[in-house]
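Participant: Right, I'll just put the structure down here and ask away after.
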């Protein structure tokens, strides 16, 4: 099978988005943003990281155009730029859950709205 240049570029862009999703903290940020806009401080507290660490992960998500920020007074609040990414995360989570013998969306299994991911 031979792929066109357009198809190869599409797969390259697909891989670039997937690379961004390889960090548990970034997945947790995306999960937290499902419920709406949050400031960096709120996001850092929600996933249990420092403000600088949350900012670094948000910068990666911003560069991949998965989240966007907007200024509200002196704060920047973030929201999902591509809400459909939540569907993609749900599909992967369902696969992982089946392999672990679990079921349900991440928020169904834990008390806070974050994906099952280890914090490292």
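Numbering (the working numbering), first residue to last: 577 to 696. For glycine and all other residues, C-beta sits at the position ideal for the given N, C-alpha and C.
Tell me where the beta strand (DSSP E) around residue 648 begins and ends.
Facilitator: Here residue 648 corresponds to residue number 72 of the chain shown, with the count starting at 1. Start and end: 643–648.
Participant: Suppose you measure from the CA of residue 613 to the CA of residue 655; what does that come to, to the nearest Å?
Facilitator: The residue given as residue 613 occupies position 37 in the chain shown. The residue given as residue 655 occupies position 79 in the chain shown. Cα-Cα distance, rounded: 5 Å.
Participant: Beta carbon of residue 646, beta carbon of residue 636: below 8 Å?
Facilitator: If you number the chain shown from 1, residue 646 lands on position 70. If you number the chain shown from 1, residue 636 lands on position 60. For residue 646 and residue 636, no; Cβs fall outside 8 Å.
Participant: Once the 5 residues before and after residue 596 are set aside, which same chain residues still bring their CB inside 7 Å of it?
Facilitator: Along the chain shown, read from residue 1 onward, the residue named residue 596 stands at position 20. Excluding positions up to five away in sequence, the list reads 602, 636, 637, 640, 642.
Participant: Judging by CA-CA distance, which residue of 629, 677, 660, 676 is the nearest neighbour of residue 600?
Facilitator: Stepping through the chain shown from its first residue, residue 600 is reached at position 24. The candidate whose alpha carbon is nearest that of residue 600 is 629.
Participant: Please classify residue 657: does DSSP put it in a helix, a strand, or coil?
Facilitator: Position 81 of the chain shown, counting from 1, holds the residue named residue 657. Coil, per DSSP.
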